[in-house]
Structures are given as C-alpha cells and as structure tokens.
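**Student:** Just so you know, we're using my numbering here: the sequence shown kicks off at 1119 and counts up by one. We put the beta carbon where it would ideally sit given N, CA and C, even for glycine.
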Amino acid sequence: AGEELVSAHHGSVSHEKRAQIEEGLKSGRVRAIVATSSLELGIDMGAVDRVLLVESPGSVARGLQRVGRAGHQVGEVSIGRVFPKFRGDLLECAVVAGRMLRGEIEAIELPTNALDVLAQQFTAMCCDTDRTVEELSRIARRAHPYRELTDGAIESVLDMLSGRFPSSDFADLRPLLAWDRTADRLTARRGTATITHMNAGTIPDRGSYAVQLVGGGVRLGELDEEMVYETRPGDNIMLGATTWRVEEIQRNQVIVAPAPGEPGRLPFWRGDGPGRPIELGRAIGEFIAELGERAVGADGSEDDARRFVTESTPLDDHAAQNLVAYIREQHERTGTLPTHARITIERFRDELGDWRVCLLTPFGSRVHAPWAMAIQRILTVRSGFDVQVMYTDDGIVLRFADGEEQPDLDLLIPSPDELEDLVTEQLGDSALFAGLFRENAARALLMTRRRPDQRTPLWVQRVKSQNILATVRQFPDFPVVLETYRQAMRDVFDLPATKALLERLRSRRVKVDEVETTQASPFARSLVFAYVAASIYEQDAPIAERRAQALTLDRQLLAELLGQAELRELLDVHVIEEVEARLQRRAEGWRARDADELHDTFRRLGDLTRDEIAERCEPADEAGDESDANAWIARLCDERRVCELRIPIDAHSGATEPRWIAAEEAGLYRDALGIVPPSGLPDSFLVTRDDALDELIRRYARTHGPFRTEDVAGRFGLPASTAEPVLRSRWADGTLVRGEIHPTGSRPEWCDAEVLRRIKRETIARLRGEASPVDARTLGRFLPEWHGVGGRRRGVDGLLETLTQLEGVPFSYRELTKSVLPLRVSDFTLDMLDLLAASGAIVWIGRGLASASDGRIAIYRRERLAALLEPDDGEAEAVSELTPVHSTILDQLARRGASFQFDLQRAVQAGTPIVTDREFVEALWDLAWSGRVTNDTFAPLSTFGWRPQRSGRVRRSPSFTAGRWSTVESLRFEVSSTERGVALAELLLERYGVVSREAARADETAGGFQRVYRVLQAMEEAGRIRRGYFVEGLSGAQFARPGVIDLLRGAREEREKHEQPPTDDDVVILPASDPAQPYGAVLPWPKPTDDRSRPRRAPQCWAVLVRGALRLFAGSRGRQLITFESDEPVDAELDLAVAALARLPREWSGRMTVETIDQVPVRESKLGARLLAHGFEASYKGYARG
1119 AGEELVSAHH GSVSHEKRAQ IEEGLKSGRV RAIVATSSLE LGIDMGAVDR
1169 VLLVESPGSV ARGLQRVGRA GHQVGEVSIG RVFPKFRGDL LECAVVAGRM
1219 LRGEIEAIEL PTNALDVLAQ QFTAMCCDTD RTVEELSRIA RRAHPYRELT
1269 DGAIESVLDM LSGRFPSSDF ADLRPLLAWD RTADRLTARR GTATITHMNA
1319 GTIPDRGSYA VQLVGGGVRL GELDEEMVYE TRPGDNIMLG ATTWRVEEIQ
1369 RNQVIVAPAP GEPGRLPFWR GDGPGRPIEL GRAIGEFIAE LGERAVGADG
1419 SEDDARRFVT ESTPLDDHAA QNLVAYIREQ HERTGTLPTH ARITIERFRD
1469 ELGDWRVCLL TPFGSRVHAP WAMAIQRILT VRSGFDVQVM YTDDGIVLRF
1519 ADGEEQPDLD LLIPSPDELE DLVTEQLGDS ALFAGLFREN AARALLMTRR
1569 RPDQRTPLWV QRVKSQNILA TVRQFPDFPV VLETYRQAMR DVFDLPATKA
1619 LLERLRSRRV KVDEVETTQA SPFARSLVFA YVAASIYEQD APIAERRAQA
1669 LTLDRQLLAE LLGQAELREL LDVHVIEEVE ARLQRRAEGW RARDADELHD
1719 TFRRLGDLTR DEIAERCEPA DEAGDESDAN AWIARLCDER RVCELRIPID
1769 AHSGATEPRW IAAEEAGLYR DALGIVPPSG LPDSFLVTRD DALDELIRRY
1819 ARTHGPFRTE DVAGRFGLPA STAEPVLRSR WADGTLVRGE IHPTGSRPEW
1869 CDAEVLRRIK RETIARLRGE ASPVDARTLG RFLPEWHGVG GRRRGVDGLL
1919 ETLTQLEGVP FSYRELTKSV LPLRVSDFTL DMLDLLAASG AIVWIGRGLA
1969 SASDGRIAIY RRERLAALLE PDDGEAEAVS ELTPVHSTIL DQLARRGASF
2019 QFDLQRAVQA GTPIVTDREF VEALWDLAWS GRVTNDTFAP LSTFGWRPQR
2069 SGRVRRSPSF TAGRWSTVES LRFEVSSTER GVALAELLLE RYGVVSREAA
2119 RADETAGGFQ RVYRVLQAME EAGRIRRGYF VEGLSGAQFA RPGVIDLLRG
2169 AREEREKHEQ PPTDDDVVIL PASDPAQPYG AVLPWPKPTD DRSRPRRAPQ
2219 CWAVLVRGAL RLFAGSRGRQ LITFESDEPV DAELDLAVAA LARLPREWSG
2269 RMTVETIDQV PVRESKLGAR LLAHGFEASY KGYARG
C-alpha cells in the first residue's frame, strides 16, 4: 500500500525530477510512466517492455521513435500498442502502423538559411574575438543548412546586429556589434557577451512559471503562464503524479506544498502539433481509395474489406470492423470518399441554421493551412469582412451565416500561380506570423532577458514583439521579417505540395465531389469538433468584434462628446522637461557610458554639436563634469562610424556649424540638406533617400517635446515655408499633433503623437499620486453633503440639480416626495415637480408597484432619457401579457400622440364599447407602472389607489385627469453605444462623486463597471476627470472630477480637526436605500453589535450617520434598531442618533414602534431609556413615537 506504481514524465517536470523518474524506471522501482513527447528525447531504457500510445503519433518517424523506447537492446523487439481517440484517428493509426512495420519513413527536410539563428551565431562568434565579414561568411557556409547563403543575406544580418537600419524608427533596437567597415572588423559591444550567454539557444521562451516547493525547496517543474492566471492560492493542482496545494504565486514562480490524497486540477499547456507530412497524407488517401473499393465497390464486400485491413495493417478484428464501418458510413452519407485522387466539398447547416462548408482531404494541415489562408484572403477581399476559416489535418471548414452568399468552386480552389501572393498577404496579419516573429526576434537577440534567473512574462514578450513588428512591417527585407516568412512558408507550411495539389485540382487530375448533407458526415464531424474546440478558447464575441473591439466605442465621437481640456492647463511643465531630457539622452541613467553607446545616441538623435555631445555623455568621475566624449568621438571617427559635417543654421545668411552624425546617415543628410558627405564612406551609407527631409523632421519630433515650426526649421537652417508642408503632412496622417500644448507657450505647437501620449500619461500619473486616500467614514460624510442632504438647496433650480443626481433611481412616489426630495430641497413642494414636468425638463417612468396604493418611478431629464434608458428598459417588470385593452391604449397613443385621459378613454371605449371605466383605468396604470406610458405631470401619481365606485365608474378628479398621457417609446431616439456609455459615466460621477467598481455595482449599471471603464479612461485622458486611489477600501480604479477630490480632502480635514463632542449638526438621517447613504452599497455595512442583525437597504428603513459613521439603523416602521461595533466611544453619538430618529417628521416615516434593539426586547435594552428620554412612549408592543 502506498507504493508508487506510475509516474508522470513531461517537459514541464523539472530536470531533476525527470532524472529520478527515469532512474526509477531503469531500476524497476517505477513500473510505468505516463509521458508526453518528452519520451522521444533519448531516454535509453533497457527495461521497458511495451509502449502504449494514446492517439496516432502523427508520422511514421515519431511512431518509430516512441515505440523504439521499448526493447531497446540488441536482439530485442520493440512492442507498442496504439489507442485511437476517435474513428478518424483510427484511420491514421492504421496507416501509420502499417508503414512503421514496412519502414516507410518520411523524408527529412532541413531548415535552410535561418537568419535568426545566423544572427545569434554571428554574435556569439564575435564575443570570442573580432571577426571579418569574410571569416564569418566562410564559417557559416561550411554548415550544410547555410551552404547557399548569399552575401546580401549576410550583410542584412550584420546591418541589423550593428544597428544600421532602414529608418530612424529602429533607433531603440540596441546594436550588439560594432562594424568598422573600413577595417572590415566586427567587434562585440559591451554587454553583448552577457546577452548572448543569457539568451542562447533556439527553444522559444514560453514565459513559464517555475514551481517551487515551499521553504526554498526543490524545483518541481513549471506551469504555463495562462494556467497560472487561472490559478489562485489554495487551489490544488496535479504535477507529475502528485497533488500540490498552491501557497503563493510570485512574480516568477509558484510556491506549493504537498497535498496528498486531495483531488487536484490538471494543468494545461498550449501547443500546436507539427502537422501531417504530405507522404503520410497521400498514403492515407491511397488506403481510403483501396479500402473504399473493397468495402463499397461493385465487386467488394465487407469481409474482403476487413481482410484487407488486417493484412495491410496491425489492426485487430474489432478495430478493422470499426474502420470498415467508418468508411461505409461516410460513403453512404456523401456518396463519395476523399482520397489521394479526389476531394469532397460538403455543405450542411449547423445547429443555428448557418452553413458549414467542409473541404475533406487527407493531405494534412501543412497543405491545408496555406490553402485555407488563400481562401480566406480571396473571400475577405470579396466580401469586405473576415470569413471564419479553420483547418486541421483532415480538411478545411468555413462558416457562413444564413443568407450570406456561399463561394463558388473556383473561389475554393485558388490559382496555383497566385497562391504564394495570397498566402503572403494573409500571413502578415495572422496570429501565426506574430507568434513566429516573436520567437524569431528572441532568437535573433532583438528581445532579450535581463537576468537568467527571471522569467519574462509571455504577455510582455508579446507586447514588445508587437512593437518591433509594427516598426519593421513596412520593411519586408528586414532579416527577422524575411525569416518569419521563410519559416512559415517552408517549415510550417508545405507550399510546394499545396501548389502541386491545386494544379492537379485545376487540371481535373484530382476530382472534386460537391455534396450537400442534412448534417455533418462522419469525416466532417472531426473537423466540426476541432472548430468547436478552437472556439471554446476564444472570447465571447463575434470575430469582427475581436479583431477591432474599438469599434464598439467610437473614439472620434467620444472625443467630440467629451471635448478636450486645454492641454496647456492639463500638462505639467516639469513632466515635459523630464520626458524631453530622457528623449534627448540628457537625463541621468540615459547618457552614453562608452563609444558604442555614444554611437547609439547619434543614431537616435541625429546631428549633435560638441557641447551637445558632452551633455549626453556620463562624466569620467563622480566629482567632475568632464567626460571621455572627445576621445570617443575620435575613436568613432577613426572607425568611420561617425563623421563631421557642417550643418546650416541660418536660411538667410547661409551660416553653418560643425556637427557630428552617425556615418551611415551621410546619404540621408546629403539628400535632405544638400550637404556633401566626406569621402571614403561605403556605398551602402550613401544610398539615395527620397524622403530624407521628412525623415529628419520626423526624428526631430520623436526626440523633442512640443515645438514650433521655427524650432525645427532653425535646427537645420531651413526656411519655415520648407518645414511647414512636411509637418502638415505628418499631422494629416496622425504622426504629429498640433495645438496649444506647452503650459508656457503662447502659440500653437507641434508634438509627436506618441511623445504627447507619454507626457499625458506621466502627468496623469503624477496627479494620481498627489492625493492620499480618505477613509470610509469620510466618504460617509462627503456623500450626503454632495447630495445636498440637510436642505442645502432651494427652489426649482435646486430641485433640478437634485433630480440630476437621482436620475434613473427607482423610488416609491411617496418616499420620493415625502422624504428624499424634502431632505435635499428645503422649500420643496409638489408644484415644483409639476412645473419642471410641464416645461418638458423632466420625465417620470414607472418601475413597478411598491404597494397596493403606491408605485415606484424613476425620473429623467428629457434630453438624457434616450441615452440612459436601455433598449429593453421599462420592460423588466412589464405587463406579462398585453390584453386587448392594453394594446388599444398603446395603439391610440401611437396614432393620436400625447392625449388627455378623458380623450384617450373616449377613443378606446369608442372602438371597444365593452371596456368599463374601471378596466380602462387599471389597464392604463398597468402600462404606466411597466414603463410603457407616462404623463407630463405628476398629479395622477398622487391619486393612484383610488378605487372606482361600485357602478364601475371612476370618480372624476382634477388630479387624476390632469396632464397628457404618451408612450415612453415616443420619447426615445436613436443613441449610439458611445453616447450611452458617456451618459452612464457622467451619471455615476454626478451620483457618487467617486466612481469605482463598487459604485457601478451599487447602481446596478447594465454591463457593470467594465461598460463605463473605457469612457472614464478617455475622460481622464481628455483632462475631464482624474484617476487615483481616493477612498480606502474601494477597488483600485477610482475616478473623480478634480473638484470632488478637493471636497473629499475638505471633508477629511473637517472631521480630523473636530476635538469637541458631536452636535446635532453632525447628524444625518437618510432612507437606508438613498444613494446618498453609502453603507450597504458603495461601502460595506459595518459589523452589527449583534451578529444576528441584518441591516438592509429596503423601503421604510432609516440610517443615522454621525460625522460620516453609521451609528443607528432603523428597520421597517422602526420595529428593530441596530447599532454597530466601534473602536472608539460612541455613547454621545448614539444619543444624537436616537434624538434624530425621534425628530424624524411623521409625514416622512409614518408611525414608528421600536420592538427590539440589537435583537434584545426594547424594554431590556440600555438604549431603550434614551428612546423614552427623547419622546418615545411605552406601548403594548414596545416604544412608540406618535
């Protein structure tokens, strides 16, 4: 018992653990291992009796390698058994196993001229000693894969390694070699040897997390980054054959402890298979053709077919029978079979009624992938949107919505002559290309690790790779771009085989059978299953939305809606100076430390005077300000890496001054400014540039903060009229921004768009750090003040300000008019509401019944109604089933428009005479409370609950018949999702002052915080609001207007300076559900004195806050009072809270009888005496207030 019989062996198990497992298998202590493809990697086992393979090995070579682990001794026979996972897999297993027995191994193709590996090898060779180009070329061409390497390819790789790029956009890529072209000498720069040692090898870095035993113990293995993101401390995971509990997830590792006997989650690793070789694909096609002829041919039979299978493959009788049945079912369903000589195009509808088009062929994904990309490119250009295409080893599947035009056969079989161009065009935008580029850039040492003991997160690798790819994409001859295309087209895809197949299809040497079925055929099912499996890991959004999610939020419209704060007021002048100091390499830590880094400075910045050079070089010692700049310049000039030019400084006088530039840019300055370059430079440095002046001005913009036209023109001795058109062209394409930017400026300036974004980000970051957060109690003090609680507002204007903050909040009409509004507007009357409604300023929408005599309404400003009402809003509590009376009322209102109640009733009863007054009134109120109709006054709400006389006729009342009724639908107008998002964000800012995830949750915002988050970000970027950590205890992302931040600080200072005991002025009493009462919504409820107590934000409940802290909660009708725990004495505050409760106007709260306090009968509670002292009286149920 307890003996370990089976161990797990895979690449993510640590090297030490794998060695232990292998040794245990050799010694016989471990009876079996469960392994991934790590089994192929040379485990020399003499004691392995049998290898069991789950699913086909995918090729004959891999099958022999894996089964060859068994019987690994002279004279022994290797024995293996394969367990197919599904019937399609059984077909491949049969063919692979048969070819294994016959020794029909696929041809091996060596990668040729891999430029990323070449870059790494050249760099490593130069770390040993200086090299010449001829020496490096000779060594490289001695290796078989590089025997045909061209001089041009070698020069392009060396240009990349030495920092000579086709554009100054590449300036941030760090050169690894210094190339003295005059002396033909390549030298490793400082730090290159370290970079090479830390980043050597060709296996791509997946950014995996090390799994470490708690207490600094042994390394157990590693986990995929995506797996770790789905794991939390306390989770149990399986690694090897052991369960481990996750104790901690650190930046680079996962700390675990043993959890024996506990169930654990199996980790996952993402990976792509190598694809079926074309030889195996053809063999499978030939096997299907032969088996099909025997199974379904005119002279065939099931027995003959089964006999053929058992004779040509090592399948047992049961598997052979299953395989024959699989072939027969496919033929019965489609009338044909995909073979080496014919393919099947099958069309059928899926569960949603959309069309699936499956191209069934046996040729493998290395052929299907480029074919699928070519089809996708053709159909995308033709339709204008991305077509969903997916491929596997067994074919290609396309999906078309019902009603979309399906492609003709000619579109599904592209021209072989156009194949390479189509694939190249589609490949550049694919995830495959981006993934290969990332790996190749790392191998070419364009992306490097800083420390060998730290992982580089995969997402960081992706972001950096995407930035590099965005820069190099426009230069298709860049070595890593070339290598990525080469790797995809030759190593990943089998383009020659694809082209040959398309030629045979076009010439009809390979036949095409088109069929339409009612559901997926047996061969198509595996394709559909793979399609579904791939979709499971995609985001829950349509393809188009995933490709361009910014379309959901119209950025241009958003900018127009938000406006743009004056940049001069938003930006911090010190931030601008700091950013420009870094861009100009003047800041500490950014200056050159040796000649190589000074050369990099020239590449980044362009021409520099001797004084400017000295500013950008580190001092030779800590005390002095002298540097080795002069010596470095002299050395770089001797090596022909830097040269001196006389640059114009005045367009009128023609005056010049000496400046130094990177020698490789001599041709650039010649073509831009007409300066004759010095003699002796290589021809490659003097290549003609048509966009030379544009390049100089763009670089100037990228390396400076805001500047004027005269600044850049003066730098190069140009007339302003020459520089202005270049600047405007870059402004037109979005590279530059123009406006009033610099805080000390007085005229419009230019600024590089990315530089401006950086300045704004750093300004915003500085603003975020200025405010220290306030505590929850301060928010409890601020929010009622923010809402004007205490009667701080007066008149109709004050009422409209209040309703703006309460927009969309459902209140019962009685609660709204008897307490919520009077609490805020000292002179509130119902007439003020009617005045606003009659003027068209506000609209009320029903939100369901609150009781038999009261209903809930939400009030909106008319101009905001359409933006704040969701498309289906008002129907959440809609009439469950519209009766003929309901429909007639809605039809009449739609036809007549806004109507008085009497006119509407007469029109309805004229069309339907049997409708009584009572039925009409009830139907009208049904529609009102369900949010379908509204009235342009509030008077009818006051009369709700009147009952008709027994005759069935309703008493006529001026209030009931006042105003005109209309449909809510008539008040709507089309609103974009962007406008709706802006309206929601502004609403939350008005309501809560500080918007956080908790505020959106409390407001029950449709779509949650995520819906408004991007709008809030845009508002911050526009200078309208600030982001920071303003309130302790709320989630990190918090947004507020600048004035609110000042008010929060003021509330904190006001509370902190209070040394005197609290007074009545420090007490606020609110309905518990009021948005101005933060507890139980934005803030959690404090802990009640008795754990059994449960405060709720419910109607007719009250909360009493003293200096922002919740001290007393009164349940419905005051039946139960709840107090809360506190770390400080609260007797005085509790007494004030009880007094405030006793003073609560009767018309606000109704009769109040306290029965329990903290679950204790009121007569037994210490607080009961205080109730009596403040005017409560004993009654038979408790203490009552009249």
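Can you give the Cα-Cα distance for Pro2263 and Arg2269, rounded to whole angstroms?
**Tutor:** Distance between the alpha carbons of Pro2263 and Arg2269 is about 10 Å.
**Student:** One question on the structure: do Cys1244 and Ala1306 come within less than 8 Å of each other, judged by their Cβ atoms?
**Tutor:** Yes. Within cutoff.
**Student:** Return yes when the Cβ of Tyr1978 is within less than 8 Å of the Cβ of Glu1933, no when it is not.
**Tutor:** The answer is no: Cβ separation not under 8 Å.
**Student:** What would DSSP say about Ile1765, mapped onto helix, strand or coil?
**Tutor:** Strand, per DSSP.
**Student:** Regarding Asp1595 and the ligand ATP, is the C-beta to nearest heavy atom distance less than 7 Å?
**Tutor:** The model depicted lacks the ligand ATP and carries no ligand whatsoever.
**Student:** Would you kindly work out how many angstroms separate the C-alpha atoms of Ser1771 and Ala1296, rounded to a whole number?
**Tutor:** The alpha-carbon atoms of Ser1771 and Ala1296 are separated by roughly 39 Å.
**Student:** Check each candidate in Pro2180, Asp2182, Ile1197, Arg2142 and name the one with the smallest Cα separation from Ile2163.
**Tutor:** If we check each option's Cα against that of Ile2163, Arg2142 comes out closest.
**Student:** What does DSSP give as the partner residues of Met1508 in its beta bridges?
**Tutor:** BP columns for Met1508 point to Val1515.
**Student:** Which one of Ala1215, Leu1845, Gly1206 has the shortest CA to CA distance from Ser1177?
**Tutor:** Of Ala1215, Leu1845, Gly1206, the residue nearest in Cα terms is Ala1215.
**Student:** Let me know if Asp1435 comes out buried or exposed under the rule of 16 or more other beta-carbons within 10 Å of its beta-carbon.
**Tutor:** Exposed, since its Cβ has fewer than 16 Cβ neighbours within 10 Å.
**Student:** Which two residues bound the contiguous alpha helix (DSSP H) that contains Ala2227?
**Tutor:** Run containing Ala2227: none in the alpha helix (DSSP H); it sits in the beta strand (DSSP E), 2227 to 2232.
**Student:** Would you give the residue range spanned by the beta strand (DSSP E) that Trp1778 belongs to?
**Tutor:** Residues 1774 to 1780.
**Student:** Classify Ala1259: buried if its beta carbon has 16 or more other beta carbons within 10 angstroms, exposed otherwise.
**Tutor:** Sequence check: residue 1259 is Arg here, not Ala. By the neighbour-count rule (16 or more Cβ atoms within 10 Å), Arg1259 is not buried but exposed.
**Student:** I need the straight-line Cα distance from Tyr2301 to Arg1980, nearest angstrom please.
**Tutor:** In a straight line, the C-alpha of Tyr2301 is about 46 Å away from that of Arg1980.
**Student:** To which residues of the same chain is Trp1904 closer than 6 Å at the C-beta, ignoring the five residues directly before and after it?
**Tutor:** Once the five neighbours on either side are set aside, the close Cβ partners of Trp1904 are Gly2111.
**Student:** Assuming contact is defined by CB atoms lying nearer than 8 Å, are Arg1764 and Thr1774 in contact in what I supplied?
**Tutor:** The answer is yes: Cβ separation under 8 Å.
**Student:** Quick one: is Glu1933 near chain D, going by C-beta distance under 8 Å?
**Tutor:** Looking for chain D here will not work: only one protein chain is present.
**Student:** Helix, strand or coil for Cys1735 per DSSP?
**Tutor:** Looking at Cys1735 - three-state DSSP - the assignment turns out to be strand.
**Student:** Ordered along the chain, which non-local residues of its own chain (more than five positions away) have a Cβ less than 6 Å from that of Pro1837?
**Tutor:** Only Ala1769 meet the Cβ criterion.
**Student:** Do you know whose CA, among Gln1579, Ala1492, Asp1595, Arg1500, lies nearest Asp1547's CA?
**Tutor:** That would be Ala1492, whose Cα lies nearest to the Cα of Asp1547.
**Student:** Let me know the secondary structure DSSP gives Met1565 once reduced to three states.
**Tutor:** Here Met1565 sits in coil by DSSP.
**Student:** Please go through the same chain and pick out, in chain order, the residues whose beta-carbon is closer than 8 Å to the beta-carbon of Gly1453, but skip the five residues on each side of it.
**Tutor:** Cβ within range, chain order: Asp1631, Val1633.
**Student:** How would you label Ile2032, buried or exposed, when you count the other beta carbons within 10 angstroms and need 16 or more for buried?
**Tutor:** Under this definition Ile2032 is an exposed residue.
**Student:** Between the alpha carbons of Leu1723 and Asp1712, how many angstroms are there, rounded?
**Tutor:** So the alpha carbons of these two residues sit roughly 16 Å apart.
**Student:** Helix, strand or coil: which one does DSSP assign to Leu1953?
**Tutor:** The answer is helix: DSSP assigns Leu1953 an H, G or I state.
**Student:** Would you decide whether Leu1219 is buried or exposed? Buried here means 16 or more other CB atoms lie within 10 Å of its CB.
**Tutor:** Classification of Leu1219: exposed, given that the 10 Å Cβ count is below 16.
**Student:** Please state the DSSP three-state secondary structure of Tyr2301.
**Tutor:** Here Tyr2301 sits in strand by DSSP.
**Student:** For the alpha helix (DSSP H) containing Trp2043, name the first residue and the last one.
**Tutor:** First-last of the alpha helix (DSSP H) with Trp2043: 2035 to 2047.
**Student:** Is it the case that the Cβ atoms of Leu2059 and Ile1975 are separated by a distance below 8 Å?
**Tutor:** In this structure, Ile1975 lies closer than 8 Å to Leu2059 by Cβ.
**Student:** I need the boundaries of the alpha helix (DSSP H) containing Ala1166, first residue and last residue.
**Tutor:** For clarity, residue 1166 is Val in the given sequence; the question names Ala instead. Element bounds for Val1166: n/a, residue is neither H nor E.
**Student:** Confirm, please, whether the CB-CB distance from Ile1151 to Arg1127 is below 8 Å.
**Tutor:** In the sequence under discussion, the amino acid at residue 1127 is His, which differs from the Arg named in the question. The answer is yes: Cβ separation under 8 Å.
**Student:** Can you tell me whether Gly1415 is helix, strand or coil according to DSSP?
**Tutor:** Coil.
**Student:** Curious, which full-length beta strand (DSSP E) runs of at least 3 residues does the segment 2257 to 2287 contain?
**Tutor:** Fully enclosed beta strand (DSSP E) runs of 3 or longer: 2270 to 2272.
**Student:** With H, G and I counted as helix, E and B as strand and the rest as coil, what does DSSP make of Asn1317?
**Tutor:** Reduced to three states, the DSSP call for Asn1317 is coil.
**Student:** What's the gap between the Cα of Pro1861 and the Cα of Ile1694?
**Tutor:** Rounded to whole angstroms, Pro1861 to Ile1694 spans 9 Å at the Cα level.
**Student:** Output needed for Thr2181: all residues of its chain with C-beta closer than 8 Å, excluding positions within five of it in sequence on either side, in chain order.
**Tutor:** Closer than 8 Å at the Cβ level, and outside the excluded window around Thr2181, lie Leu2254.
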